[in-house]
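Keeping their order, the protein sequence lines are chains V and D. The first sequence begins at 595 in the numbering used here and counts up by one. The second sequence begins at 595 in the numbering used here and counts up by one.
Protein chains: 2
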Amino acid sequence: MKEMKKSSVLIAGGGNTYTPAIIKMLMANLDRFPIRKLKLYDIDKERQDIVANAARIIVKEEAPEIEFLATTDPEEAYTDVDIVMAHIRVGGLPMRRLDEKIPLKYGLVGQETCGPGGIAYGMRSIGGMLDNIDYMTKYSPNAWMLNYSNPASIVAEACRVLRPTARVINICDMPIGLEDRMSKMVGLKSRYELVVRYFGLNHFGWYTSITDKEGNDLLPAIKAYIAEHGYVVDENEYTFDNRASWKVTHLKARDLQRIEPDFVTNTYLKYYLFPDDEVAHANPEYTRADEVIDGREKSVFGACREIAAKGTARDSLIRNDNHATFIVDLAHALINNTKERMLLIVENKGAIENFDSDAMVEIPCLVGSDGPEPLSIGKIPTFQKGLMEEQVAVEKLVVEAWATHSYQKLWQALTLSKTVPSAGVAKKVLDDLIEANREYWPELR
Amino acid sequence: MKEMKKSSVLIAGGGNTYTPAIIKMLMANLDRFPIRKLKLYDIDKERQDIVANAARIIVKEEAPEIEFLATTDPEEAYTDVDIVMAHIRVGGLPMRRLDEKIPLKYGLVGQETCGPGGIAYGMRSIGGMLDNIDYMTKYSPNAWMLNYSNPASIVAEACRVLRPTARVINICDMPIGLEDRMSKMVGLKSRYELVVRYFGLNHFGWYTSITDKEGNDLLPAIKAYIAEHGYVVDENEYTFDNRASWKVTHLKARDLQRIEPDFVTNTYLKYYLFPDDEVAHANPEYTRADEVIDGREKSVFGACREIAAKGTARDSLIRNDNHATFIVDLAHALINNTKERMLLIVENKGAIENFDSDAMVEIPCLVGSDGPEPLSIGKIPTFQKGLMEEQVAVEKLVVEAWATHSYQKLWQALTLSKTVPSAGVAKKVLDDLIEANREYWPELR
């Protein structure tokens, strides 16, 4: 067996709370995805330093041969890179908090990627993503960017329209998380034992087929499990890091199953189909952003500081995020042409036969060194098509609004969203969001 | 000039309150659309008799050579017919009242053709329409049915799916009414002096071009007028027949103009874009159905009874409904191959390039003896596409639900509707509507 190519990897969004676990995961996967250089890049030096001071020690202890670097300089970051792993969050968690709280003021779903919050976040993210893409194109034109920055659907649409030839692959960990749960429901070891068919937009889709590697149909058993327990497979997992709100989400899958009993539905559909229940259970004073700040951010940054103080990561609580192996699967597939089957966010181009050809859809693809080859999906049912067409139009209008600085288009985007009850309410939320995002959005006319 | 062919005309829905005015209009247009036989058909003998007793006198006084007949027997009605004018209302105004009031109980728009009320009405209408189409196909296979029964969009979709080869042309008077108003806004005599381009679904569309016969652009002037006055062109027209609620609708066009300043919007979009305002101004105890029963129905039926009592229509208040001349325009075009340009509801088949090819859309067509030739529209903008795709999916799901007796599909239809805030609310409204419509809907499983 010939020696595998060693990659230079850049993590864009070095100060992200997920970065330490991803680095642990990369260290655990060096046998199939060898790394020669690992760099962190962020525009927020302070946050990145917290992570970098720990990461440097982790890398030194686990793979001292890897050159490690953290920088806020784009040229230094993007020069000599093979794979960019992008998980940026423009405006950080404080702006996420506003994305969630402003809609709630008007009785609307306050959520990171869905509805008005997702639209606001999208308007912030597009510019940051394009900057990163342009750095990559300039300094490492042959690199691939694996983008899992949220809101992935709007970011992916912006890439399609504004950087159509960029080597960006948009992927989301949400299906991975659901598939991990499904494998447990049917007594399999991991999601790697499942073969799925799925269609939708990002955070907006349906599993139409789930089998094991031998082709045995697992869909009926999984649907029966979800009808009773939702996606809850371990009652204990919700006790750490303020994850209680996830249990509500996982249980809500029971209701999603009722309105679409033929397929298995992505949990994010609850924001579009049961927004009233969401709002009724939300605390406008303490949202998911607060949970993350008080939970994951505190525990991860605390652990990073401890590593830096002790000078070792050997007893650290920073765990290898197993779930994040999808990023290595993707990088590995690109570098080694494995034709791995993965759900990616790609331009439809007829894969979903009766759906907007120009839309970014989430469907199974085979990944090789030339990028993704989407599988053909055929026709989708009327209910799903209607929901998806509405939602994809929202996402396109956001990108149109960003690109043309159009107040009108953004008002239309909010009005069209399934989570917003009227053009009148849309305008009020919009005006609040503009005020809150002055620093981050283009000025709208 | 050769003598024009004389037609045998059947009005299906003989007891409709619009029937007397349509008969007056037919009498006034005999020069271009000569009639040899005029029949009324209804399943409600009592209502039809009120109209027929007056209609017989009107016809006798204005065109004694025309053979007149009113019947509840389908064979008698549909034998030897050239043109069927269908405006049936299954369940009548008492069921319309429930269509409006049940949604309002849940804070939703209560409207004849939009949202849950329109869906309920659609579920009642499909069976009645198919019966009439089948009678025509059986007894007068070469006849044309000009269908303006509501809810036209759902009825048209049912025709497309369930009677694809039937000779039915679906048309709505709504654009006619708007165009009459537009012609007044710019000082022209009538809508016949306008040439328009328009796209959408029935009760759900936008004018993209309005010129006079010389090609002068009237769109800017009409948009400016609407921005200030809405569609209100005569303050006095709202005083008779309980038409006050129409003034609210006509003024609301100002807000529709704000969210879509490029085009001129059909007033029905207010139910989808500003449902909260609609609900806020609605009186759940007295809706439009009550207005019609107390207004138009009372005055029309009163006038009919007076004609019958006096034995003459000479001083009657029944007026020739000028606005209804579109029906004669259509019949005339079909019989005499005039290639008249009209807005019709036809299968898209690519006319709107970036829209569901299988959808029934409302677009300009040229009408000749082979039926409509749709004009090609090209691409439509994102906002309109998103709204239309959602709405057309609702309409398709209603037809699927009717055809397969599916509770699930109808729940999905209601959930998908822009006027319904969640799947939970959709289910409650659905269960109420099922209860109210037991006599008219197929039994859902």
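Where is the CB? At the ideal position from N, CA and C, for every residue including glycine.
Residue i bridges to which residues according to DSSP?
i, result
"F798/V", "L795/V"
"Y635/D", "A606/D, T665/D"
"N764/D", "N741/D, I939/D"
"E934/V", "V961/V"
"V790/D", "I804/D"
"G972/V", "I946/V"
"S601/D", "I629/D"
Please report how far the alpha carbon of residue i lies from the alpha carbon of residue j, in whole angstroms.
i, j, result
"L724/V", "E694/V", "24 Å"
"G980/D", "T1009/V", "11 Å"
"E879/V", "G711/V", "15 Å"
"C753/D", "E956/D", "15 Å"
"M954/V", "K778/D", "45 Å"
"V986/V", "I939/V", "13 Å"
"N931/V", "L960/V", "10 Å"
"I617/D", "V749/D", "24 Å"
"E984/D", "M679/D", "30 Å"
"V988/V", "G716/V", "11 Å"
"L850/V", "I816/V", "14 Å"
"R837/V", "V886/V", "8 Å"
"L1027/V", "E891/D", "49 Å"
"L928/V", "G965/V", "6 Å"
"L632/D", "C898/D", "17 Å"
"A664/D", "Y612/D", "16 Å"
"T1013/D", "R630/D", "46 Å"
"L844/D", "T861/D", "The residue asked about is misnamed: residue 844/D is His in this sequence, not Leu. Approximately 7 Å between the Cα atoms of the pair."
"Y733/D", "I727/D", "10 Å"
"M982/V", "L620/D", "46 Å"
"S1040/V", "Y1001/V", "Look at the range of chain V in this structure, 595 to 1039, and you will see that residue 1040/V is not part of it."
"L969/D", "V780/D", "25 Å"
Got a sec, what are the start and stop residues for the alpha helix (DSSP H) residue i sits in?
i, result
"W1005/D", "1001-1010"
"M982/D", "976-998"
"G809/V", "Note, G809/V: premise wrong, no alpha helix (DSSP H); not H, not E."
"F895/V", "892-904"
"E885/D", "882-886"
"S747/V", "746-756"
"A1030/D", "1017-1030"
"A615/V", "613-622"
Are residue i and residue j close, meaning C-beta to C-beta below 8 Å?
i, j, result
"D674/D", "V603/D", "no"
"Q1006/D", "I853/V", "yes"
"M739/V", "I763/V", "yes"
"V922/D", "F627/D", "yes"
"L756/V", "A997/V", "yes"
"N744/D", "E706/D", "yes"
"I974/D", "A945/D", "no"
"V703/V", "V873/V", "yes"
"W1035/D", "R785/D", "no"
"V858/D", "R775/D", "no"
"G607/D", "R691/D", "no"
"V1019/D", "Y700/D", "yes"
"Y825/D", "L788/D", "no"
"E994/D", "T802/V", "no"
"A907/D", "I696/D", "no"
"A671/V", "Y635/V", "yes"
"I770/D", "F920/D", "yes"
"G962/D", "K943/D", "no"
"I901/V", "I651/V", "yes"
What residue range does the beta strand (DSSP E) around residue i cover?
i, result
"V955/D", "954-962"
"W738/V", "738-741"
"P968/D", "965-968"
Mind pulling the chain B residues with CB within less than 8 Å of residue i?
i, result
"P697/D", "No chain B appears in the structure shown, which is made up of the protein chains V and D."
Any heavy atom of the ligand ADP closer than 7 Å to the Cβ of residue i?
i, result
"W800/D", "This structure simply doesn't include the ligand ADP, nor any ligand for that matter."
Could I get the ranges of all uninterrupted alpha helix (DSSP H) runs contained in the segment 639-708 of chain D, with 4 residues as the minimum, in chain order?
Runs found: 639-656, 668-672, 686-699.
Taking the runs of the alpha helix (DSSP H) that are 4 residues or longer, which of them lie wholly in the segment 838-869 of chain V?
838-853, 863-867
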